[in-house]
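J.: If you count the sequence shown from 1, you need to add 6 to reach our numbering. C-beta atoms are modelled at their ideal positions from N, C-alpha and C, and glycine is treated no differently. Computed from a predicted structure; not experimentally measured.
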Amino acid sequence: MKHVVGGIAMLPLLVACDIESSDNGKLDGFWHLERIDTLRTGGVADLSACRVFWAIEAKLLCVNDIDHKTLGRYYFRFSQTTDSLIIHTPYLNKGHEDTWGGDIPVTDALVLAPFGISALEEHYLKEKLDGSSMILRSSTYRLWFRRF
């Protein structure tokens, strides 16, 4: 049906656009890191009262400790299969906080340890992943998450 506005016929317009969608399934979301088990020593770090989060959407993973902003916010690329998650290419997000701004490639994996990450490319086995919880295991850590 045509509509006339100010003497001009308005026709429906069809616009093609690419909408980014994610096929990450249950992995997508905002995850609260509640516990880190160190596999070699049997140590357990209870983070349930801390605000350490992994946010996963589309092709990016963001890790952030809201209580300790000095640790920084990091972004990763990732890939996954049914039973594994591989995170890689970490960047420290500097935004426009300093002279150079932007994202800075991470070259030392030690800065990532508070987030349960021990390597610049980390391979995790998905021990559990459902609508409310996730457990990931690397060669170093077992990470326990709750969907936030």
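Nearest by alpha-carbon distance to residue 127: which of 83, 66 and 142 is it?
T.: Comparing Cα positions, the closest option is 83.
J.: Work out the CA separation of residue 39 and residue 154 for me, nearest whole Å.
T.: One C-alpha to the other measures close to 10 Å.
J.: Taking the beta strand (DSSP E) that residue 35 falls in, what are its first and last residues?
T.: Segment 35-44, the beta strand (DSSP E) holding residue 35.
J.: Less than 8 Å separating the beta-carbons of residue 4 and residue 28?
T.: An answer regarding residue 4 cannot be provided, because it is not within the stretch 7 to 154 covered by the chain.
J.: Can you give the Cα-Cα distance for residue 134 and residue 90, rounded to whole angstroms?
T.: Their backbone Cα atoms lie some 10 Å apart in a straight line.
J.: At the level of alpha carbons, what is the spacing between residue 129 and residue 140?
T.: The straight-line gap from Cα to Cα measures roughly 15 Å.
J.: Check whether the Cβ atoms of residue 71 and residue 58 sit closer than 8 Å, and answer yes or no.
T.: Yes, these two residues count as a Cβ contact at 8 Å.
J.: Using only the alpha-carbon positions, how far apart do residue 149 and residue 43 sit?
T.: Each residue's alpha carbon lies about 7 Å from the other.
J.: Assuming residue 132 is part of the beta strand (DSSP E), what are its boundary residues?
T.: Counting along the chain, the beta strand (DSSP E) containing residue 132 begins and ends at 128-135.
J.: Which residues in the same chain have their Cβ closer than 8 Å to the Cβ of residue 37, if we skip the five residues on either side of it in sequence?
T.: If we look at residue 37 and ignore the five residues flanking it on each side, its Cβ neighbours are 59, 60, 61, 62, 140, 151, 152, 153 and 154.
J.: DSSP state of residue 51, grouped into three classes?
T.: It is a strand residue.
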